[in-house]
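**Q** In this note's numbering, the protein residues as written are 1310 to 1559.
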């Protein structure tokens, strides 16, 4: 089935461990010989010419230099999301579009080789060459009902508060810091984002029907077109719902 799909495809995207597709007979060199117009996009931890070890996101963050820039007072820490996976997947569409334009002009397909480690290392460039952050320093203040992040050293923030942050609400802390001309904001929890006025104004979420009868929040695209707005679906498919369609098309 995969061979049939590839024969009629413009683009193949795969993120298996480097070399896995070659062992199955679907490597880029073999497929481009059979389908010279194919755009073959590989996403792996270290690229086709790099290490073949498994690419866990945490390890890639550590080996890209990013983790050294995200740290507590005691140790470097992992970013809260799998940013290596996410960033590599977001880099691939513009690369694929550029390759398609090249094919339109020349008739030639090609292999796009994307490394998660390379992608994350690229994001650290504002801190080159000495590893110092190019961003303004911030502090985090633990309040009675959450956290506040302020664009200043912690000592300066405390100087403008009537009490220790642990005895103040986030709103009281923000009011005091704003009066002192310090930029600050409450650190929102993930569930706060679902109901936040800014999210509602941007129509970032929609409730979609599920097979179990419990509505689920569905995320819209994080960009907008003024012509045809992108809207999320109104229902969540059941696992395997489209198996028959895929089998028929294959």
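Ideal Cβ positions, reconstructed from N, Cα and C, are used throughout, including at glycine. Note that this is a predicted model, so its numbers are computed, not measured.
If you follow the alpha helix (DSSP H) that residue 1400 is in, where does it begin and where does it stop?
**A** In the chain shown, residue 1400 corresponds to position 91, counting from 1. First-last of the alpha helix (DSSP H) with residue 1400: 1392 to 1415.
**Q** What separation, rounded to the nearest whole angstrom, lies between the Cα atoms of residue 1551 and residue 1469?
**A** Residue mapping note: residue 1551 aligns to position 242 of the chain shown, counting from 1. Residue mapping note: residue 1469 aligns to position 160 of the chain shown, counting from 1. Those two C-alpha atoms are separated by around 59 Å.
**Q** Using a threshold of 8 Å, state whether the C-beta atoms of residue 1478 and residue 1453 are closer than that.
**A** Counting from 1 along the chain shown, the entry for residue 1478 is found at position 169. Counting from 1 along the chain shown, the entry for residue 1453 is found at position 144. In this structure, residue 1453 lies closer than 8 Å to residue 1478 by Cβ.
**Q** Beta carbon of residue 1561, beta carbon of residue 1494: below 8 Å?
**A** One cannot answer for residue 1561 here, as it falls past the ends of the chain, which runs 1310 to 1559.
**Q** Using only the alpha-carbon positions, how far apart do residue 1513 and residue 1540 sit?
**A** In the chain shown, the residue the question calls residue 1513 occupies position 204. In the chain shown, the residue the question calls residue 1540 occupies position 231. Their backbone Cα atoms lie some 9 Å apart in a straight line.
**Q** Return the CA-CA distance between residue 1347 and residue 1395, expressed in angstroms with no decimal places.
**A** The count along the chain shown starts at 1 and reaches residue 1347 at position 38. The count along the chain shown starts at 1 and reaches residue 1395 at position 86. Each residue's alpha carbon lies about 24 Å from the other.
**Q** Here's the rule I'm using: 16 or more other beta-carbon atoms within 10 Å means buried, otherwise exposed. How should residue 1406 be labelled?
**A** Position 97 of the chain shown, counting from 1, holds the residue named residue 1406. Classification for residue 1406: exposed.
**Q** So residue 1429 and residue 1370 are supposed to be a Cβ contact under 8 Å. How far apart are they, rounded?
**A** To locate residue 1429, count along the chain shown from 1; it is residue 120. To locate residue 1370, count along the chain shown from 1; it is residue 61. Indeed they touch by this definition, with Cβ atoms about 6 Å apart.
**Q** Please identify the residue among 1557, 1364, 1524 and 1511 whose C-alpha is closest to the C-alpha of residue 1535.
**A** To locate residue 1535, count along the chain shown from 1; it is residue 226. Nearest of 1557, 1364, 1524 and 1511 to residue 1535, Cα basis: 1511.
**Q** Mapping the DSSP letters down to three states, classify residue 1385 as helix, strand or coil.
**A** Here residue 1385 is taken as the residue at index 76 of the chain shown, counted from 1. The answer is strand: DSSP assigns residue 1385 an E or B state.
**Q** Hey, quick one: how far does the alpha helix (DSSP H) through residue 1293 stretch, first residue to last?
**A** Coverage of the chain is limited to positions 1310 through 1559, which leaves residue 1293 absent and any answer about it impossible.
**Q** Buried or exposed for residue 1547, going by 16 or more other Cβ atoms inside 10 Å?
**A** Counting from one through the chain shown, the residue named residue 1547 turns up at place 238. Result: exposed.
**Q** Among the candidates 1352, 1486 and 1376, whose CA atom is the shortest distance from the CA of residue 1399?
**A** Numbered from its first residue, the chain shown carries residue 1399 at position 90. The candidate whose alpha carbon is nearest that of residue 1399 is 1352.
**Q** Could you pull the DSSP bridge partners for residue 1451 from this structure?
**A** One-based indexing of the chain shown puts residue 1451 at position 142. In DSSP, residue 1451 forms a bridge with 1456.
**Q** What does DSSP give as the partner residues of residue 1516 in its beta bridges?
**A** Translated into the one-based positions of the chain shown, residue 1516 becomes position 207. 1526.
**Q** Which residue comes first and which comes last in the alpha helix (DSSP H) that contains residue 1323?
**A** Here residue 1323 is taken as the residue at index 14 of the chain shown, counted from 1. Element bounds for residue 1323: not the alpha helix (DSSP H) but the beta strand (DSSP E), 1320 to 1323.
**Q** Can you give me the Cβ contacts of residue 1440 inside the same chain, cut-off strictly under 8 Å, excluding the 5 residues immediately before and after it?
**A** Counted from its first residue, the chain shown places residue 1440 at position 131. Excluding sequence neighbours, residue 1440 sits near 1374, 1377 and 1378.
**Q** Closest by CA to residue 1411, which one among 1386, 1372 and 1319?
**A** Along the chain shown, one-based indexing puts residue 1411 at 102. Ranking the options by Cα distance to residue 1411, first place goes to 1319.
**Q** In angstroms, rounded to a whole number, what distance separates the CA positions of residue 1403 and residue 1393?
**A** As a working note, residue 1403 is residue 94 in the chain shown. As a working note, residue 1393 is residue 84 in the chain shown. Looking at the two C-alpha atoms, the distance is approximately 17 Å.
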